[in-house]
Amino acid sequence: MHIMKMNLPQHAPTKLLVFLLFLIIMSLYLQFGYSTRAVLSETENIKETEKSPIVAINTDAETGNSVISKDNLTTESYTFQRIKEITKCHDLPRQHNVMQWGPYWVLNNFVAAKRTYKCEESVTFATTATYNFLGNVLPIVESWDGPVSVAVYAPGSDFNLALESIAYLRECGNPLVTETVSFHLFFQMTYFPDKNLANEKFSSGKAVNCSLKPPYETYSSGQSFKDKHNELFMVNVARNIARKMSETHFILSADIEMYPSLNISSRFLHMISKEDPETYSKQPVVYAIHAFEVNEGVKPPLNKSELREMIHNKTAERFHFKVCGKCHNFPHFESWLSIDSEEMEITESVTRTKTFVAWEPFFIGTNHDPWYDERVSWEGMRDKRIQLKNLKTTCFEVILLGSVGFRNVATLCFAFALCLLGYKFNILSDGFLVHKPGHKKTEYFGNRLKVSLSMAETIETEFVPQYRKFYGNNPACVV
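Structure (structure tokens):
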């Protein structure tokens, strides 16, 4: 602070000097003393803010819709602390290793995300792919506010194509791929790639030219190693690998062509942070998320306002509703669609019985939930309905009945175990998945129908009796 020099008379009264000194002291106090009090007051305000979760909501300039982003969660540290208290989760150190998984070799985190996560910090989007589906990682990271765990089936020469595809995504795609996506590659022991993997660090083997077409877009049906050797994609093996490698307590296991709406992870955690630790999940529970599909060429909606408009103008509808209506007849759809809430909430809790015995929802759960039954393949089409409680089954190929017009038995059996175990499905008021644009026709399934129909009897004679012996014979739970 600049103080003006004053020329006082040589014999100025002492009282005047004292008065001027008093003015100077008061001036300094008012300036610095007030600032100190302001800082202390602001600090106290921050402490008070941390005591109660508050969400700052922005408005999208183009749509006028309320949007909550990860950066807007003003009490992130408080939320994480609460999640830790409520779930009693433990951090999982990232694994960089090779392990046997039935007849497969698995390279865990062979291409790992730069960022690591504590168990309470997010929700992991766990998904699966063959190399030709890896382009779907890009729309996922654009709207998913958390880590992504991808198990990639890469036998033989498909291994190098998978590495080239991953390198392209990391070098030429969204920087979030490098930041948040971890890839785990697996293959049968009989189909080892033509590559020395000893002390191998991630490398596609060649420089990435971003001006060229991505390797995953050069795929031609029947030309991959998998196709040439008529190998089935044991998708539930992949699902379990992606889940097991997740670092967070909460996991959303979804197909790689299912794109999430905005900020599901952060909003979900904020909701869970308000639970009572003493009463949380006394009954086994998962958190159901609705799924939709949109017309080809249409941009998937990112929030419920956009979804509602697209449902109204018939450019969007419930996922596979015309293919398997019972499978996606989720509870009270119309009332759910009309709900507008600034914060994510649980609209209702239901069991998978009566009207919803065939319901096959995607949901947020944990690795304490049943594992996917690894006897089921993608080609069998009914791959999500069987889950085994804390069991690792031998990986062998059993294909389930699957055809348009029938109930989706694989996902049915996946949820069949949840039903027998007494799980509640808590339905979230917001957050949803949208399938890659374009409706699948009956012709899409092609030879998959032949594969799946051959195993219809196996479902009734082997799978169902085994599950009822493990989990009890609740007649309300059916396949």
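Just so you know, the sequence shown maps onto residues 0 to 478 in numbering that gives the first Met the number 0. Ideal placement from N, C-alpha and C gives every residue a C-beta, glycine not left out. Quick caveat, the model's predicted, so the values are computed rather than measured.
Please go through the same chain and pick out, in chain order, the residues whose beta-carbon is closer than 7 Å to the beta-carbon of residue 213, but skip the five residues on each side of it.
-> Here residue 213 refers to the residue found at position 214 when the sequence shown is read from its first residue. Around residue 213: 134, 164, 167.
Who are the near neighbours of residue 40 in its chain, counting only those whose CB is closer than 6 Å to its CB and skipping five residues on each side?
-> The sequence position of residue 40 within the sequence shown is 41, counting from 1. The predicted position of residue 40 is uncertain, since its pLDDT is 41 and thus under 50; no value can be drawn from it.
Report yes or no: do three or more beta-carbon pairs, one from the region 122-137 and one from the region 263-275, lie closer than 8 Å?
-> yes
Does the distance from the CB of residue 432 to the CB of residue 288 come in under 7 Å?
-> Taking the sequence shown and counting its residues from 1, the one referred to as residue 432 is at position 433. Taking the sequence shown and counting its residues from 1, the one referred to as residue 288 is at position 289. Yes; because the gap between Cβ atoms is below 7 Å, this pair is in contact.
Reduced DSSP category for residue 130 - H, G, I as helix; E, B as strand; rest coil = Start at 1 with the first residue of the sequence shown, and residue 130 comes out as number 131. Helix, per DSSP.
Every unbroken alpha helix (DSSP H) inside the region 249-278 [4 residues or more] = Segments of the alpha helix (DSSP H) lying fully in the region 249-278: 263-271.
When DSSP labels each residue in this structure, what does residue 363 get in the three-state scheme?
-> Position 364 of the sequence shown, counted from the first residue, corresponds to residue 363. In the displayed model, residue 363 falls within a strand according to three-state DSSP.
Compare the C-alpha of residue 473 against each of 112, 350, 118 and name the closest.
-> Translated into positions along the sequence shown, residue 473 becomes position 474. Considering only alpha carbons, the answer is 350.
Measure the CB-CB distance between residue 429 and residue 309 and report whether it falls below 7 Å.
-> The residue labelled residue 429 in the question sits at position 430 within the sequence shown. The residue labelled residue 309 in the question sits at position 310 within the sequence shown. No, Cβ-Cβ distance for residue 429 and residue 309 is not below 7 Å.
Grab the span of the beta strand (DSSP E) containing residue 183 for me, first residue to last.
-> Walking along the sequence shown from the start, residue 183 turns up at place 184. Residue 183 -> beta strand (DSSP E) spans 180-187.
Continuous beta strand (DSSP E) stretch holding residue 103: start and end | By 1-based counting over the sequence shown, the position of residue 103 is 104. In the DSSP assignment, residue 103 falls within the beta strand (DSSP E) that extends over 103-110.
Close Cβ partners of residue 437 (< 7 Å) along its chain, the five nearest in sequence each way excluded = Start at 1 with the first residue of the sequence shown, and residue 437 comes out as number 438. Counting only Cβ-Cβ distances below 7 Å, and skipping sequence neighbours, we find 295.
Name the residue from 340, 184, 81 whose alpha carbon lies nearest to the alpha carbon of residue 118.
-> Position 119 of the sequence shown, counting from 1, holds the residue named residue 118. Among 340, 184, 81, the Cα nearest to that of residue 118 is on 81.
Using a Cβ-Cβ cut-off of 6 Å (strictly less than) and excluding sequence neighbours within five positions of residue 425, which residues of its own chain qualify?
-> For the purposes of this step, residue 425 is identified with residue 426 of the sequence shown, where counting begins at 1. For residue 425, where only same-chain residues beyond five positions count, the Cβ hits under 6 Å are 284, 286, 345, 348.
Please check the pair residue 116 and residue 146, which I expect to be a contact at CB under 8 Å, by giving their CB distance rounded to whole angstroms.
-> What you label residue 116 is simply residue 117 of the sequence shown in a count that begins at 1. What you label residue 146 is simply residue 147 of the sequence shown in a count that begins at 1. Indeed, because the Cβ distance is near 5 Å, the residues count as touching under 8 Å.
Residue 243: which of 460, 161, 427, 100 sits nearest, CA to CA?
-> Along the sequence shown, read from residue 1 onward, the residue named residue 243 stands at position 244. Answer by Cα proximity: 100.
Opening and closing residue of the alpha helix (DSSP H) in which residue 291 lies = Stepping through the sequence shown from its first residue, residue 291 is reached at position 292. Element bounds for residue 291: not the alpha helix (DSSP H) but the beta strand (DSSP E), 284-293.
Examine the Cβ distances between the region 255-264 and the region 173-192 and report whether three or more of them are shorter than 8 Å.
-> They do not touch, by the three-pair rule.
Terminal residues of the alpha helix (DSSP H) in which residue 86 lies | Position 87 of the sequence shown holds residue 86. Here the alpha helix (DSSP H) through residue 86 covers 75-86.
Within the same chain, show all residues whose beta-carbon is closer than 8 Å to that of residue 468, passing over the 5 residues directly before and after it, in chain order.
-> In the sequence shown, residue 468 corresponds to position 469, counting from 1. The beta carbon of residue 468 sits closer than 8 Å to no other beta carbon from its chain once the five residues preceding and following it are set aside.
Report the residue from 298, 321, 322, 317 whose alpha carbon sits nearest the alpha carbon of residue 333.
-> The residue labelled residue 333 in the question sits at position 334 within the sequence shown. It is 317.
C-alpha gap between residue 299 and residue 137, whole angstroms = Position 300 of the sequence shown, counted from the start, is the residue given in the question as residue 299. Position 138 of the sequence shown, counted from the start, is the residue given in the question as residue 137. Cα atoms of residue 299 and residue 137: separation of roughly 13 Å, rounded to the nearest angstrom.
Taking 7 Å as the cut-off, decide whether the C-beta atoms of residue 150 and residue 177 are in contact.
-> Here residue 150 is taken as the residue at index 151 of the sequence shown, counted from 1. Here residue 177 is taken as the residue at index 178 of the sequence shown, counted from 1. Taking 7 Å as the Cβ cut-off, residue 150 and residue 177 do not qualify as a contacting pair.
For residue 375, decide whether its Cβ has a neighbour in chain B, counting only Cβ atoms nearer than 7 Å.
-> You won't find chain B in this structure, because it holds only one protein chain.
Considering residue 309, what are the terminal residues of the alpha helix (DSSP H) in which it resides?
-> The residue given as residue 309 occupies position 310 in the sequence shown. Residues 303-311.
Rounded distance between the beta-carbons of residue 373 and residue 229, thought under 8 Å | Here residue 229 corresponds to residue number 230 of the sequence shown, with the count starting at 1. Here residue 373 corresponds to residue number 374 of the sequence shown, with the count starting at 1. Not a contact, Cβ separation roughly 19 Å.
Would DSSP call residue 479 helix, strand or coil?
-> Because the chain spans 0 through 478 in this model, residue 479 falls outside it and cannot be assessed.
Pull up the distance between the alpha-carbon of residue 91 and that of residue 113, whole angstroms please.
-> On the sequence shown, residue 91 is found 92 positions in, with the first residue counted as 1. On the sequence shown, residue 113 is found 114 positions in, with the first residue counted as 1. Whole-angstrom Cα-Cα distance: 16 Å.
Keeping to the same chain, check which residues put their C-beta closer than 8 Å to that of residue 470; ignore five residues upstream and five downstream.
-> By one-based count along the sequence shown, residue 470 stands at place 471. For residue 470, where only same-chain residues beyond five positions count, the Cβ hits under 8 Å are 388, 416, 419, 420.
Please classify residue 533: does DSSP put it in a helix, a strand, or coil?
-> Outside the displayed range of the chain (0 to 478) lies residue 533, so it cannot be described from this structure.
Integer-rounded CB distance, given that residue 107 should sit under 8 Å from residue 89 | Residue 89 sits at position 90 when you count from the first residue of the sequence shown. Residue 107 sits at position 108 when you count from the first residue of the sequence shown. Actually they are not in contact, since the Cβ atoms of residue 89 and residue 107 sit about 18 Å apart, beyond 8 Å.
C-beta atoms of residue 157 and residue 223 nearer than 7 Å | Along the sequence shown, one-based indexing puts residue 157 at 158. Along the sequence shown, one-based indexing puts residue 223 at 224. In terms of Cβ geometry, residue 157 and residue 223 form a close pair [threshold 7 Å].
Would you check if the distance between the CB atom of residue 140 and the CB atom of residue 162 is smaller than 7 Å?
-> Taking the sequence shown and counting its residues from 1, the one referred to as residue 140 is at position 141. Taking the sequence shown and counting its residues from 1, the one referred to as residue 162 is at position 163. Cβ distance not < 7 Å, so residue 140 and residue 162 don't count as in contact.
From 142, 241, 301, pick the residue whose C-alpha is nearest to that of residue 365; which is it?
-> Against the sequence shown, residue 365 aligns to sequence position 366. Of 142, 241, 301, the smallest CA-CA separation from residue 365 is found for 241.
Inter-residue spacing [alpha-carbon to alpha-carbon] between residue 211 and residue 205 | Here the question's residue 211 lines up with position 212 in the sequence shown. Here the question's residue 205 lines up with position 206 in the sequence shown. Approximately 13 Å between the Cα atoms of the pair.
Given a threshold of 16 other Cβ atoms within 10 Å of its Cβ, counted over all protein chains shown, does residue 74 qualify as buried or as exposed?
-> Mapped onto the sequence shown, residue 74 falls at position 75. When all chains shown are included, residue 74 counts as buried.
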